[in-house]
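When you read off a place in the sequence shown, starting at 1, and then add 1136, the result is the number in the numbering used here.
Using N, Cα and C, we set each Cβ at its ideal position, and we do this for glycine too.
The structure appears right after this line, and notes come after that.
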Amino acid sequence: MAVNLKGKSFLTLLDFTPLEIRYLLDLSKDLKSKKRAGIHGRLLDGKNIVLLFDKTSTRTRCAFEVAALDEGAHVTFLSNSQMGKKESIEDTAKVLGRFYDGMEFRGYEQETVELLAKHSGIPVWNGLTDGDHPTQVLADLLTIEEHISKPLNKVKMVFVGDARNNMGYALMYGCAKMGMKYMALAPKELWPDESMVEKCKLIGEATGASIELTDNVSDVKGADVIYTDIWVSMGEENKLEERVKLLTPYKVDMDMLKTTENDDVIFMHCLPSFHDFETKVAKETTENSNLDIREVTDEVFRSKHSVVFDEAENRMHTIKAVMVSTL
Ligand code: CP
Ligand code: NVA
1137 MAVNLKGKSF
1147 LTLLDFTPLE
1157 IRYLLDLSKD
1167 LKSKKRAGIH
1177 GRLLDGKNIV
1187 LLFDKTSTRT
1197 RCAFEVAALD
1207 EGAHVTFLSN
1217 SQMGKKESIE
1227 DTAKVLGRFY
1237 DGMEFRGYEQ
1247 ETVELLAKHS
1257 GIPVWNGLTD
1267 GDHPTQVLAD
1277 LLTIEEHISK
1287 PLNKVKMVFV
1297 GDARNNMGYA
1307 LMYGCAKMGM
1317 KYMALAPKEL
1327 WPDESMVEKC
1337 KLIGEATGAS
1347 IELTDNVSDV
1357 KGADVIYTDI
1367 WVSMGEENKL
1377 EERVKLLTPY
1387 KVDMDMLKTT
1397 ENDDVIFMHC
1407 LPSFHDFETK
1417 VAKETTENSN
1427 LDIREVTDEV
1437 FRSKHSVVFD
1447 EAENRMHTIK
1457 AVMVSTL
């Protein structure tokens, strides 16, 4: 069956079939080879794209901008719009839909990106909300395929840390869709919502995926991927102390990688990461509160297991595939 995503928004991987995700991954691979060969395409020739950011970003913003420009589109970056302040989401969506061919949104509620898609009449791409980060997971799946020789449906992915954050949910959705073994390793307080776990298990009945939750580090045995994220996501800064207390036993270190009993295990992270004290936040948190917020040791981050910068690069190729296929 031919895949046609023209006009479709990219709000969550739950809206996509395994075949459509496969298509996006294959297209990403093609676009990556083309870029590596120095071929500039015109697949988005004359298109106008707006990037709405209510939260900070390095990778997502740059990935959208470079991907769009590579294929001939024009980009507006908007981080101080009237939306939600003096103008409703609906009205903003209707205005932007008159100007642009496609829209990216990064912000807080998932409902905002859904309203933008509902009222703008153009494809809307979710560049991160409190509940999801689908473009990141597309890049993660591509990176796994590049580094692990087995097919995705044989891969065991362990997400360690705040399994209730956008990355925890987004990875669970992606793994469920692609028939993978997904395990959330976290203290019970940070396990994902039961109804979403049930939903993913149901998807798994059709795709062959398994979804497991554990608070026992020894369950990483057999993992192909150890994935973590910062302990305190954007907008949750007041939870810092509580999170450090809960998640310190789950800091990713060499002992955890050894517990997988897999010499080829890869370490993944969406970035940005606290792995040393070279950031203002990590330094000040230690100096002012005597809290160590590093979710991974520098040793693991810089080890041969770590594929984090390949993963970051793949944001651009996969976001390009999303724009090219939906516009
Ligand atoms: N991984 C990711 O979304 O990075 P940014 O916050 O820098 O966009
Ligand atoms: N969970 C993180 C992801 C950053 C890409 C956050 O929302 O801050």
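- With a threshold of 16 other beta carbon atoms within 10 Å, R1234 falls short and is exposed.
- In terms of side-chain proximity, the C-beta atom of Q1272 is found nearer than 8 Å to a non-hydrogen atom of the ligand NVA.
- The residue from L1180, G1238 and F1213 with its alpha-carbon nearest to that of S1193 is F1213.
- Looking at the backbone, the Cα of L1160 and that of L1463 are separated by about 13 Å.
- In the DSSP assignment, F1241 is bridged to L1188 and N1262.
- Counting only the Cα atoms, I1175 lies some 11 Å from D1166.
- In chain order, K1419 and T1422 place their CB closer than 7 Å to the CB of F1413, counting only its own chain and leaving out the 5 sequence neighbours on each side.
- The DSSP assignment places complete alpha helix (DSSP H) segments of no fewer than 4 residues inside the region 1260–1313 at 1270–1283 and 1302–1313, in order along the chain.
- Sorting L1288, C1336 and P1287 by C-alpha distance to the C-alpha of L1149 places C1336 at the top.
- A1320 sits in a strand when the DSSP states are folded into three classes.
- Pairing L1427 with D1266, the inter-Cα distance amounts to about 24 Å.
- The region 1428–1463 is shown to contain no whole beta strand (DSSP E) run of 3 or more residues.
- Counting the other CB atoms within 10 Å of its CB gives M1314 a total of 16 or more, which places it among the buried residues.
- Annotation: H1411 is outside any alpha helix (DSSP H) and is labelled neither H nor E by DSSP.
- Distance from the CA atom of K1416 to the CA atom of K1142, rounded to whole angstroms, is 43 Å.
- Taking the C-beta atoms as reference points, L1278 is found no nearer than 9 Å to S1169.
- Within the DSSP bridge table, the entry for T1212 names V1186 as partners.
- Boundaries for V1249: no beta strand (DSSP E) harbours it, while the alpha helix (DSSP H) harbouring it runs Q1246 to S1256, taken from the DSSP string.
- Taking F1189 as the centre and dropping the five residues before and after it, the same chain places the C-beta of S1215 and R1242 closer than 6 Å to its C-beta, in chain order.
- Here DSSP, grouped into helix, strand and coil, assigns L1205 to helix.
- DSSP, read as helix, strand or coil, puts L1155 in helix.
- With a cut-off of 8 Å, the C-beta of H1411 is classified as distant from the ligand NVA, since no heavy atom of the ligand falls inside that distance.
- The residue among V1361, Y1363, I1362 and M1316 with its C-alpha nearest the C-alpha of S1346 is M1316.
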